[in-house]
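There are 2 protein chains.
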Amino acid sequence: MERLPGFRDFYPEPPPAPSVWSAAARAFLFAKWRETARLYGFQEYDGPPLESLDLYKLKSGGEIVRQLYNFTDKGGREVALRPEMTPTLARMVAAAERGYKKPLKWFSIPQLFRYERQQKGRLREHFQFNADILGERDPGADAEMIALLIDTLRAFGLEAADFVIRLSSRQVWEAFYRRRGGDEARAYEFFQAVDKLERESEEASAKRFEELGFKLDQVRDFIESSEVSEDLAPIMEQLAARGLQDFVRVDYGVIRGLAYYTGPVYEAFDRQGKFRAIAGGGRYDNLIALISRGKVRLPALGFGMGDVVLTELLKERGLLPNLQPVLDVFVLVEDEAFRAESLRLVQGLREAGVATDYGLAPAKSDRQYKLALSRGARFTLRLVSAPDGRVRLKVKKPAQRTEEEIKPVDAVDFIKNQLQLEKGPSLRGEE
Amino acid sequence: MERLPGFRDFYPEPPPAPSVWSAAARAFLFAKWRETARLYGFQEYDGPPLESLDLYKLKSGGEIVRQLYNFTDKGGREVALRPEMTPTLARMVAAAERGYKKPLKWFSIPQLFRYERQQKGRLREHFQFNADILGERDPGADAEMIALLIDTLRAFGLEAADFVIRLSSRQVWEAFYRRRGGDEARAYEFFQAVDKLERESEEASAKRFEELGFKLDQVRDFIESSEVSEDLAPIMEQLAARGLQDFVRVDYGVIRGLAYYTGPVYEAFDRQGKFRAIAGGGRYDNLIALISRGKVRLPALGFGMGDVVLTELLKERGLLPNLQPVLDVFVLVEDEAFRAESLRLVQGLREAGVATDYGLAPAKSDRQYKLALSRGARFTLRLVSAPDGRVRLKVKKPAQRTEEEIKPVDAVDFIKNQLQLEKGPSLRGEE
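Read top to bottom, the protein sequences are chains A and U.
For reference, each letter of the first sequence is one residue, going 1 to 431 in the working numbering.
For reference, each letter of the second sequence is one residue, going 1001 to 1431 in the working numbering.
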């Protein structure tokens, strides 16, 4: 039995091979995403992984529809595994926006799916941090989104030397296209040609532009000029006011592939150029009206950041922390006569909030001790008969040779006290 | 645009209607599940939501296969959205168990899918807390799983008066069936009839048993006798040693619907009998060998607890906490001359770990203040010109009338100090 190609399993630490995905690393990413979103005042939402195919047909460029994981369900409905979160968000907001004060600041961490022709190592699913602001037309909202993107990456230890946000504008590109006499009906084709410029051969790009009545050089010259346009200037100013100017530059080489963007757009790249884009987003002021068939009009903007490129980048920069399992206490049951009392001890520790494991079944002390080590236990405990006939508890830190002896009744207080001392400031909320 | 029938959206607080699912309530459930699993020394894993159809055909009773959300993908593969987690777990463990010390203690919180004929209010997806122990044959492992189930429900504030674990045994039922001359090949049909006994009419059940050569009364008498069998006695003993005897009773009215169980099985019910089972599980010692086609043999056991019944139960008992959004600080930008300095302030607070929102765009002070209240801000801050021409920061707790005035440069220290005082013990890890 094999898993489907393009899908991932997430294993507990330590994963059985370096290429295997780690559930703890995923949890580390999700926790940082949630923490940064919370610092910025964003609230979490989620929708179903399966949606009506219409939701994507309605708004997406051909690009995404060709890659949909779609099928007909047993009830005859045309459905698709969600390839991106924005249409779901637009649907949810259109249905319920009246209950919330504007602007909405919402985020989600959906798993997304694309059915692409099988390429080696190419995944068919990934997780994506999605953050959006809805109901705010002011460029202050664009600056806030970009600041969130920057601070999310900084939360992982990435710095201005590691990544840059390339900021561009659909409005600027639309003006360029119109000014040079581009055919209005083919504007999106033109944007896609710009989007592909850095990933396609010179020949292929030249041909695309020629078909649209443009010369490749003309487009390139415009990209190289990259002046700060009127719509981008206030965003750059507000980012500078936050001290984030070193993380962003205006660069019309970016335009984003999706059809629905209407204003400022941007992508985050590692400065060494080793990886695909780390994140991307922009403003899409017309999508909510489109999805709600004109019932709700709300300006909107947001970005998505996938887990795959980010994990690769963090690994390469040595920024994934030690994710080994950590356990507070392992209780060794060396003598079956003490099993009931050991279980009482285990229960008492857990009820006091101490993460505790123990020898589930009769086994040699040595084997139990090795298991305790592999679980990352901070302390091992074992009940023994003292020479006076009373029961005593031996406490050991695996890293040290010596054992302390205490009364079983003192176990919970003793361990809680020790853990507090060990963890130090972290238990007092100082990180 | 509507969401698909049987699927749920999860909205930020406050959800637009009481019947709408809350993302914060879901996060509350997940956090408690993870916390209890951690206390018991379980590690998290996950697998893909889409698997080969074969994975379920191989091992499940007809019951589950009829309800699969299955389809043929664009590559001609027969696939299914996962209806339960155990086959995925078995596949993952069979592929990689050699890298881990036994017993494995693994948990996951997958979203699961079933395509059932549309019934009012019947969902086609839910989230399920799955915990399993692999590699341990001793009844100590069964007791540990049941203790985890009990303590998970207790973590939500549910007590012995609220719920009970009904503990049964496939072995006991097999012995009964064999002893009364049941046809070996139809044993699973018999188990399913027992499983349906409490949900079907007397007539339907009587007919089922008759076809298998049994009388309904015969089965009922056996269930009512519910003696503690040899395989269940050590489990009951170990639960009693932990002080958990009031949460569990032997009850052969439970047998579990799935084909693969081999030993002790159990379900958790609310004592008032208002809801379907809250959780269920048992021992399935042959499944790993089946999934791995005999390559790996590992005894295994586990349970699943869904989010839907649990949420309904917690709501009914008033055990869902206040989930309103909480924000540390909202910065009011009343004078656009202070926008840049306000942004600097916002950035400084966030970098210090203070959850901060602000007036994104020029707006009346009153409107910003109302937004701050709806965001649950603990403090509002606003920059003002003092009579001496210097810039000052006004700090206000929305609950109080008075404002304090401080120097902008002291803002971060002041707020961090205030938040520490406010949160009190929780910041020092005492909960």
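A virtual CB, placed ideally from N, CA and C, is assigned to each residue, including glycine.
The structure presented is a predicted model; accordingly, all values stated were derived computationally and were not measured.
Output, in chain order, the set of chain U residues within a Cβ distance shorter than 7 Å of A:G140.
Position 140 of the first sequence holds residue 140 of chain A. What A:G140 touches in chain U: L1360 and A1361.
Report the three-state DSSP secondary structure of A:G302 (helix, strand or coil).
Translated into the one-based positions of the first sequence, residue 302 of chain A becomes position 302. Strand.
So, under 8 Å CB-CB, U:G1263 and U:R1170 are touching, yes? Tell me the CB distance rounded to an integer number of Å.
Here residue 1263 of chain U corresponds to residue number 263 of the second sequence, with the count starting at 1. Here residue 1170 of chain U corresponds to residue number 170 of the second sequence, with the count starting at 1. Indeed, because the Cβ distance is near 6 Å, the residues count as touching under 8 Å.
When DSSP labels each residue in this structure, what does U:R1208 get in the three-state scheme?
Residue 1208 of chain U sits at position 208 when you count from the first residue of the second sequence. In this structure, U:R1208 counts as helix in the three-state DSSP scheme.
Would you please verify whether the beta carbon of U:G1281 is less than 8 Å from any beta carbon of chain A?
As a position in the second sequence, residue 1281 of chain U is number 281, starting the count at 1. So, not an interface residue.
Do we get a CB-CB distance below 8 Å when we pair U:F1007 with the residues of chain A?
The count along the second sequence starts at 1 and reaches residue 1007 of chain U at position 7. Yes, contact with chain A.
On the three-pair Cβ rule with 8 Å, is the segment 335-354 of chain A touching the segment 410-419 of chain A?
The segment 335-354 of chain A makes contact with the segment 410-419 of chain A; the number of CB pairs closer than 8 Å reaches 3 or more.
Looking at A:L360 and U:P1041, is the spacing between their C-beta atoms short of 8 Å?
Translated into the one-based positions of the second sequence, residue 1041 of chain U becomes position 41. Translated into the one-based positions of the first sequence, residue 360 of chain A becomes position 360. In the sequence as displayed, the identity of residue 1041 of chain U is Gly instead of Pro. Cβ distance not < 8 Å, so U:G1041 and A:L360 don't count as in contact.
Going along the chain, which residues of the segment 1214-1248 of chain U sit with their C-beta nearer than 7 Å to a C-beta in chain A?
For the segment 1214-1248 of chain U, which is checked against every Cβ of chain A, the residues closer than 7 Å are Q1238, A1241, R1242 and G1243.
A:N130 classed as buried or exposed, judged by whether at least 16 other C-beta atoms fall within 10 angstroms:
Working through the first sequence from its first residue, we reach residue 130 of chain A at position 130. With 16 or more other Cβ atoms within 10 Å, it is buried.
Between A:P110, A:A80 and A:P87, which has its C-alpha nearest A:F30's C-alpha?
Your numbering for residue 30 of chain A matches position 30 in the first sequence. Among A:P110, A:A80 and A:P87, the Cα nearest to that of A:F30 belongs to A:P110.
First and last residue of the uninterrupted alpha helix (DSSP H) at A:S365:
Reading the first sequence from its first residue, position 365 is the one you call residue 365 of chain A. Where A:S365 is concerned, the enclosing alpha helix (DSSP H) stretches over S365 to S374.
For A:R339, name the three-state secondary structure that DSSP assigns.
Here the question's residue 339 of chain A lines up with position 339 in the first sequence. Helix at A:R339.
Whole-angstrom Cβ separation of U:D1328 and U:V1354, contact assumed at under 8 Å?
Residue 1328 of chain U sits at position 328 when you count from the first residue of the second sequence. Residue 1354 of chain U sits at position 354 when you count from the first residue of the second sequence. Rounded to whole angstroms, the Cβ separation of U:D1328 and U:V1354 is 5 Å, and the two are in contact under 8 Å.
For U:T1380, which of helix, strand or coil comes out of DSSP?
Position 380 of the second sequence holds residue 1380 of chain U. Three-state result, U:T1380: strand.
For U:M1092, which residues in the same chain have their Cβ closer than 7 Å to its Cβ, ignoring the five residues on either side in sequence?
Here residue 1092 of chain U is taken as the residue at index 92 of the second sequence, counted from 1. Correct list, in chain order: Y1045 and G1047.
For a cutoff of 8 Å on Cβ pairs, would you count A:Q171 as touching chain U?
Within the first sequence, residue 171 of chain A is the residue found at index 171, counting from 1. Output row for A:Q171: interface = no.
What does U:S1201 touch in chain A if you count any residue whose Cβ is under 9 Å from its own?
Position 201 of the second sequence, counted from the first residue, corresponds to residue 1201 of chain U. Those do not exist, as U:S1201 stays about 27 Å from chain A at its closest Cβ, beyond 9 Å.
Let me make sure I understand the geometry here. Which of A:P362, A:K397, A:R256 and A:I146 has the alpha-carbon closest to that of A:F163?
Start at 1 with the first residue of the first sequence, and residue 163 of chain A comes out as number 163. Comparing C-alpha distances from A:F163 to each of A:P362, A:K397, A:R256 and A:I146 shows the shortest one belongs to A:I146.
With DSSP run on the structure shown, which of helix, strand or coil describes A:V93?
Start at 1 with the first residue of the first sequence, and residue 93 of chain A comes out as number 93. Secondary structure of A:V93 (DSSP, three-state): helix.
Could you give the distance in angstroms between the alpha-carbon of U:G1429 and the alpha-carbon of A:Q420?
On the second sequence, position 429 is the one that residue 1429 of chain U refers to. On the first sequence, position 420 is the one that residue 420 of chain A refers to. Residue confidence for U:G1429 is low, a pLDDT of 37 falling below 50, so the modelled location carries little weight; the figure read from the coordinates is stated next. Their backbone Cα atoms lie some 9 Å apart in a straight line.
Tell me, to the nearest whole angstrom, how far the beta carbon of U:F1071 is from that of A:F71; I am working on the premise that it is less than 8 Å.
One-based indexing of the second sequence puts residue 1071 of chain U at position 71. One-based indexing of the first sequence puts residue 71 of chain A at position 71. Correct: roughly 4 Å between the Cβ atoms.
Over what stretch of residues does the beta strand (DSSP E) that includes A:S168 continue unbroken?
Walking along the first sequence from the start, residue 168 of chain A turns up at place 168. Looking at the DSSP string, the run of the beta strand (DSSP E) that includes A:S168 is F163 to S169.
What does U:S1052 touch in chain A if you count any residue whose Cβ is under 9 Å from its own?
Against the second sequence, residue 1052 of chain U aligns to sequence position 52. Correct list: M1, E2, R3 and L4.
Looking at the secondary structure, which residues open and close the beta strand (DSSP E) in which A:T356 lies?
What you label residue 356 of chain A is simply residue 356 of the first sequence in a count that begins at 1. Run containing A:T356: T356 to Y358, per the beta strand (DSSP E) assignment.
How close, in whole Å, do the beta carbons of A:A448 and A:L323 come, if the pair is a contact with beta carbons under 8 Å?
Residue 448 of chain A is absent from the structure shown; chain A starts at 1 and stops at 431.
Taking the alpha helix (DSSP H) that A:A289 falls in, what are its first and last residues?
Your numbering for residue 289 of chain A matches position 289 in the first sequence. L287 to I291 is the span of the alpha helix (DSSP H), which, as asked, contains A:A289.
Start and end residues, beta strand (DSSP E) containing A:D328
Locating residue 328 of chain A in the first sequence gives position 328, counting from the first residue. Here the beta strand (DSSP E) through A:D328 covers L327 to L332.
According to DSSP, is U:Y1261 helix, strand or coil?
For the purposes of this step, residue 1261 of chain U is identified with residue 261 of the second sequence, where counting begins at 1. Residue state, collapsed to three classes: coil.
Spatial distance of U:A1277 from U:A1340 (CA atoms)
For the purposes of this step, residue 1277 of chain U is identified with residue 277 of the second sequence, where counting begins at 1. For the purposes of this step, residue 1340 of chain U is identified with residue 340 of the second sequence, where counting begins at 1. Distance between the alpha carbons of U:A1277 and U:A1340: 57 Å.
Would you call A:K74 buried or exposed, if buried means 16 or more other Cβ atoms sit within 10 Å of its Cβ?
The sequence position of residue 74 of chain A within the first sequence is 74, counting from 1. The residue is exposed, with fewer than 16 neighbouring Cβ atoms inside 10 Å.
As a quick exercise: from U:G1243, U:A1027 and U:M1001, pick the residue whose alpha carbon is nearest that of U:P1432.
With chain U represented from 1001 up to 1431, any question about residue 1432 of chain U goes unanswered, as that position is not in the structure.
Through-space distance from U:K1394 to U:L1383, alpha-carbon basis:
Translated into the one-based positions of the second sequence, residue 1383 of chain U becomes position 383. Translated into the one-based positions of the second sequence, residue 1394 of chain U becomes position 394. Computed Cα separation, rounded: 6 Å.
Would you call the segment 1253-1267 of chain U in contact with the segment 1191-1208 of chain U, where contact means no fewer than 3 C-beta pairs closer than 8 Å?
Proximity of the segment 1253-1267 of chain U to the segment 1191-1208 of chain U meets the contact definition, three or more beta-carbon pairs being nearer than 8 Å.
Select from the segment 251-264 of chain A all residues with a C-beta closer than 7 Å to any C-beta belonging to chain U, and list them in chain order.
none
What's the C-alpha gap between U:A960 and U:I1133?
An answer regarding residue 960 of chain U cannot be provided, because it is not within the stretch 1001 to 1431 covered by chain U.
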